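One structure is given below, encoded as structure tokens.
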Amino acid sequence: MAKILVIHPEKCTGCRNCELACSFFHDGEFRPSTSRITVHNWEIEGFSVPMACQQCEDAPCVAVCPTGAMHIDPALNCVAWDQEKCIGCRMCTLACPFGAVFYQTPGRIIKCDLCGGEPECVAFCPTHALEYVEETDAVRGRKKAFATHLKKAFEEVG
Amino acid sequence: MTGWTGTILRVNLSDSTVTKEPLDPALAKRFIGGRGLGTKIMFDEVPPTTDPFSPDNKLVFAPGPLSGTFAPSASHFDIVTKGPLTGTIAASSSGGSFGPILKYAGYDALIVEGKAERPVYIWIKDDSVEIRDAEELWGKQTPETTEAVRAATDEEASVACIGPAGEKLVLFANVMNECNRAAGRTGVGAVMGSKNLKAVAVRGTGGVQVADPSAFREAVMTARQMIQAHPVGGTGLRVYGTDVLVNILNDTGGLPTRNFQDGYFPTAGKVGGEALTENVLVRPRGCHSCIISCGRASEVTNPKFAGRGEGPEYETAWAFGPDCGIDCLDAVTKANFLCNEFGMDTITLGSTIACAMHMYEDGILTLEDTDGIPLTFGHAEALVEMVRKTGTREGFGDKLALGSYRLAESYGHPEYSMTVKMQEMPAYDPRAIQGIGLEYATSNRGACHVRGYTIAVEVLGNPVKIDKDATEGKAQWVITFQNLTAALDASGACLFTTFGIGADELATLVSTATGVEYSTEEFMKAGERIWNLERLFNLKAGLGAADDTLPERMLKDPIKTGPSKGCVSHLDQMLPDYYQLRGWDESGVPTEEKRGQLSL
Numbered sequence: 001m002a003k004i005l006v007i008h009p010e011k012c013t014g015c016r017n018c019e020l021a022c023s024f025f026h027d028g029e030f031r032p033s034t035s036r037i038t039v040h041n042w043e044i045e046g047f048s049v050p051m052a053c054q055q056c057e058d059a060p061c062v063a064v065c066p067t068g069a070m071h072i073d074p075a076l077n078c079v080a081w082d083q084e085k086c087i088g089c090r091m092c093t094l095a096c097p098f099g100a101v102f103y104q105t106p107g108r109i110i111k112c113d114l115c116g117g118e119p120e121c122v123a124f125c126p127t128h129a130l131e132y133v134e135e136t137d138a139v140r141g142r143k144k145a146f147a148t149h150l151k152k153a154f155e156e157v158g
Numbered sequence: 001m002t003g004w005t006g007t008i009l010r011v012n013l014s015d016s017t018v019t020k021e022p023l024d025p026a027l028a029k030r031f032i033g034g035r036g037l038g039t040k041i042m043f044d045e046v047p048p049t050t051d052p053f054s055p056d057n058k059l060v061f062a063p064g065p066l067s068g069t070f071a072p073s074a075s076h077f078d079i080v081t082k083g084p085l086t087g088t089i090a091a092s093s094s095g096g097s098f099g100p101i102l103k104y105a106g107y108d109a110l111i112v113e114g115k116a117e118r119p120v121y122i123w124i125k126d127d128s129v130e131i132r133d134a135e136e137l138w139g140k141q142t143p144e145t146t147e148a149v150r151a152a153t154d155e156e157a158s159v160a161c162i163g164p165a166g167e168k169l170v171l172f173a174n175v176m177n178e179c180n181r182a183a184g185r186t187g188v189g190a191v192m193g194s195k196n197l198k199a200v201a202v203r204g205t206g207g208v209q210v211a212d213p214s215a216f217r218e219a220v221m222t223a224r225q226m227i228q229a230h231p232v233g234g235t236g237l238r239v240y241g242t243d244v245l246v247n248i249l250n251d252t253g254g255l256p257t258r259n260f261q262d263g264y265f266p267t268a269g270k271v272g273g274e275a276l277t278e279n280v281l282v283r284p285r286g287c288h289s290c291i292i293s294c295g296r297a298s299e300v301t302n303p304k305f306a307g308r309g310e311g312p313e314y315e316t317a318w319a320f321g322p323d324c325g326i327d328c329l330d331a332v333t334k335a336n337f338l339c340n341e342f343g344m345d346t347i348t349l350g351s352t353i354a355c356a357m358h359m360y361e362d363g364i365l366t367l368e369d370t371d372g373i374p375l376t377f378g379h380a381e382a383l384v385e386m387v388r389k390t391g392t393r394e395g396f397g398d399k400l401a402l403g404s405y406r407l408a409e410s411y412g413h414p415e416y417s418m419t420v421k422m423q424e425m426p427a428y429d430p431r432a433i434q435g436i437g438l439e440y441a442t443s444n445r446g447a448c449h450v451r452g453y454t455i456a457v458e459v460l461g462n463p464v465k466i467d468k469d470a471t472e473g474k475a476q477w478v479i480t481f482q483n484l485t486a487a488l489d490a491s492g493a494c495l496f497t498t499f500g501i502g503a504d505e506l507a508t509l510v511s512t513a514t515g516v517e518y519s520t521e522e523f524m525k526a527g528e529r530i531w532n533l534e535r536l537f538n539l540k541a542g543l544g545a546a547d548d549t550l551p552e553r554m555l556k557d558p559i560k561t562g563p564s565k566g567c568v569s570h571l572d573q574m575l576p577d578y579y580q581l582r583g584w585d586e587s588g589v590p591t592e593e594k595r596g597q598l599s600l
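Residue numbers (my numbering), protein chains in the order written: chain A, 1 to 158; chain B, 1 to 600.
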């Protein structure tokens, strides 16, 4: 069974090790602005939410892609991007409801690729707020709980 | 360059000029960065006799070569200036994310000089640097300032700012970043206030490279594992925060109580880490790249002291708690929130209020002096009210704003002030723990525990346990801790990483990040160089051996109760050894030979 990236915001301390590990793995430098995972901090409330690509099954970024560059990779259970086929139209960045797909010049679409199956963000998260686990019913339950949490947070911050 | 960005940013507030200068690689190698680089810049550019509030004083904001990487807990930067509380070189370290983000913007240091005519803030977005009007921010507390600056610049900006205390030149005003993290000690916030500088906001979209990515990753993994396996670094600080030390120090008999009249407080546990976890903790928090998570998001619901924010740390819980004879955690936490909001050092303010309570109980201060508030030990409401008054410098708060030394001296009783070089001693009684007393006496920024945390060996047994009451051998321990901490502060790492790693691992991290090979000895020598340069600055500022002492009570009046009953500090048995091992003459001046060894 394929694995998925699970986020537990209640365990997140806001340290951003995930962003650092992500950019270091993909770009060889520590650069949060190009990290595929982003931590959002509410400092006074002491709350943080890491956000990354949800690897949607019915992915809007795949649906709008005119060339098939954005596609489902069944082996990794993720949405993958093929640079060869990409024409740089950026429709995928507009379609993503989570803001998890973005464009960087020159001609590069940045989104989570699960590091090919061994996510570095998970390896460097000190509190297990990020997990890469098999998609069981229990995991689905946590996802639902998180989504509810997130919905509430978004409503609160407007 | 790798590790370093290679660029220093200079902003002159008098003539509104912005310049960028290359970082000299040879200088970077010798002083590493952070506190070391900041001190070197101060030494070269600011005459040590300069009035701290003069436009000629400068502020250096400096992260280190590890800042911005995923080296464990490498969130730190230092603000280096001439301090208004002590008149010494003042380096105040802070976690948060300001340091790393300054690196992403492309800078190893920001030097602020001159003085703006009107309130301003500095906005740095990568290459672009603006000095902007801050008239509407003036008077705002630190969370409001942070929010307003982000709204005017970038929601992702890191904001280091002062609150009303810094504006009003409270001598121990701090600089807050990300609302909760403080460059706490020595009054660096008042220097910002004196320059009419309300905030520095920075957003960096660039990256930090390291010299040898695979070796660096391996060094990071090793260091992480060592810290995570350590009972304090890996578990204790995350579960209980630094406040876990309350019970430990009380059980040692080294918890200063009622303005250092005693070393034991029977109900201390009520403000300790265990009580904090049960009563006010929301969840642990971590600074940038932190794996320790000692930060405490906390909330007080008791309507009398209600609030939300972060804290308290151990030293804060002690200063507002046992040192003021108070065991009400809600009040202590509220006092902490107010300090963060007004922008004040909790240690100095708590100890100053304790000093005032002592003077009040001895009849030196009367209700007339204290705005009609009975300042008795244990009076939690009075504590919170005095914190508020100090933040606004209203009534008696105007005197508290000067720190305990100036307060007590103004009434003709400086002996009530528990200070070294006019900075308040922190939460470890130097009578109960000999080495820390020598450390306070010789600290280059006035009394301070984080210049050389000998508590690690004298109380906690990290990495070894030594006899806290012995004086023999303490000079060498103090020197080792002071040199290590200076180098660590220069690297950008958090001091708490030493609950797991030491100079070997730090030297490897800095070497693989920068490409400059530091052996453990060279890394420690850089720390020694920084320490001696700070000393030379202070000597030129007019300080000398006579200032390397402790309050007389610590040397003469024994602790009255508890496990360390009867103890006094034997500073005189340790200080000559310290000078000799430092390579200083009897007046505490580094010899020609020592300066030669360190190329100073």
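Every residue, glycine too, gets a C-beta built ideally from N, C-alpha and C. Just so it is clear, the structure is predicted and the values come from calculations on it, not from any experiment.
| Asked | Found |
| --- | --- |
| Counting only beta-carbon atoms, is G68 (chain A) nearer than 8 Å to chain B? | no |
| Rounded to the nearest angstrom, what separates S92 (chain B) and D27 (chain A) at their Cα positions? | 33 Å |
| How far does the alpha helix (DSSP H) with R238 (chain B) in it extend, from its first residue to its last? | L237 to Y240 |
| Tell me where the beta strand (DSSP E) around H40 (chain A) begins and ends. | T38 to W42 |
| Could you tell me whether the Cβ of N17 (chain A) comes closer than 8 Å to any Cβ of chain B? | yes |
| First and last residue of the beta strand (DSSP E) that includes Q104 (chain A)? | F102 to Q104 |
| Since N12 (chain B) is in the beta strand (DSSP E), which residue starts that stretch and which ends it? | T7 to N12 |
| Reducing DSSP to helix, strand and coil, say where A173 (chain B) ends up. | strand |
| Could you name the residues that DSSP lists as bridge partners for D212 (chain B)? | Bridge partners of D212 (chain B): none, in fact. |
| Return the CA-CA distance between K42 (chain A) and T277 (chain B), expressed in angstroms with no decimal places. | Residue identity check: residue 42 (chain A) is Trp in the sequence provided, not Lys. Rounded to whole angstroms, W42 (chain A) to T277 (chain B) spans 20 Å at the Cα level. |
| For S16 (chain B), which residues of its own chain have a beta-carbon under 7 Å away from its beta-carbon, when the five flanking residues on both sides are left out? | I131 |
| In chain B, which residues lie with their C-beta within 9 Å of the C-beta of L130 (chain A)? | Ordered by position in chain B, no residue passes the 9 Å Cβ test against L130 (chain A), which lies about 14 Å from the chain. |
| Which chain A residues are close to E310 (chain B), counting only those with a beta carbon under 9 Å from its beta carbon? | E43, I44 and G46 |
| How big is the Cα-Cα spacing for L536 (chain B) and Q580 (chain B)? | 16 Å |
| Looking at E439 (chain B) and R431 (chain B), is the spacing between their C-beta atoms short of 8 Å? | no |
| Can you tell me whether Q423 (chain B) is helix, strand or coil according to DSSP? | strand |
| Taking the DSSP output, what are the residues bridged to H71 (chain A)? | A:A80 |
| Once you ignore the five residues that flank Q54 (chain A) on each side, which residues in its own chain have a CB closer than 8 Å to its CB? | F98 and A100 |
| Per DSSP, P284 (chain B) forms a beta bridge with which residues? | B:R296 |
| Quick check on E84 (chain A) - is its C-beta less than 8 Å from some C-beta in chain B? | no |
| Determine the contact status of L367 (chain B) and F320 (chain B), defining contact as a CB-CB distance below 8 Å. | no |
| Using a 10 Å radius around the Cβ and a threshold of 16 neighbouring Cβ atoms, would you call L114 (chain A) buried or exposed? | buried |
| I need the DSSP call for K82 (chain B), collapsed to helix, strand or coil. | strand |
| Output the distance between the C-alpha atoms of D489 (chain B) and F61 (chain B), rounded to the nearest integer angstrom. | 13 Å |
| Which residue comes first and which comes last in the alpha helix (DSSP H) that contains S404 (chain B)? | G403 to S410 |
| Just to confirm the assignment, what range does the alpha helix (DSSP H) spanning S23 (chain A) have? | N17 to D27 |
| If contact is defined by three or more beta carbon pairs under 8 Å, each pair taking one atom from either stretch, is the segment 87-107 of chain B in contact with the segment 277-297 of chain B? | yes |
| To the nearest angstrom, report how far apart T93 (chain A) and M1 (chain B) are at their CA atoms. | 34 Å |
| The alpha helix (DSSP H) that contains Y578 (chain B), what's its start and end? | L571 to R582 |
| Under three-state DSSP, which class holds F47 (chain A)? | strand |
| Measuring CA to CA, which of B:R181, B:E178, B:N196 and B:N174 is closest to V188 (chain B)? | B:N174 |
| Since V568 (chain B) sits in a beta bridge, which residues does DSSP pair it with? | Note: V568 (chain B) sits in no beta bridge, so no partner. |
| May I have the straight-line CA-CA distance separating N462 (chain B) from K11 (chain A), to the nearest angstrom? | 28 Å |
| Could you round the C-beta distance between T67 (chain A) and K85 (chain A) to whole angstroms and report it? I think they count as a contact, below 8 Å. | 5 Å |
| If you measure from the beta carbon of P284 (chain B) to each beta carbon in chain A, is any gap under 8 Å? | yes |
| Does the beta carbon of P32 (chain A) come closer than 8 Å to any beta carbon on chain B? | yes |
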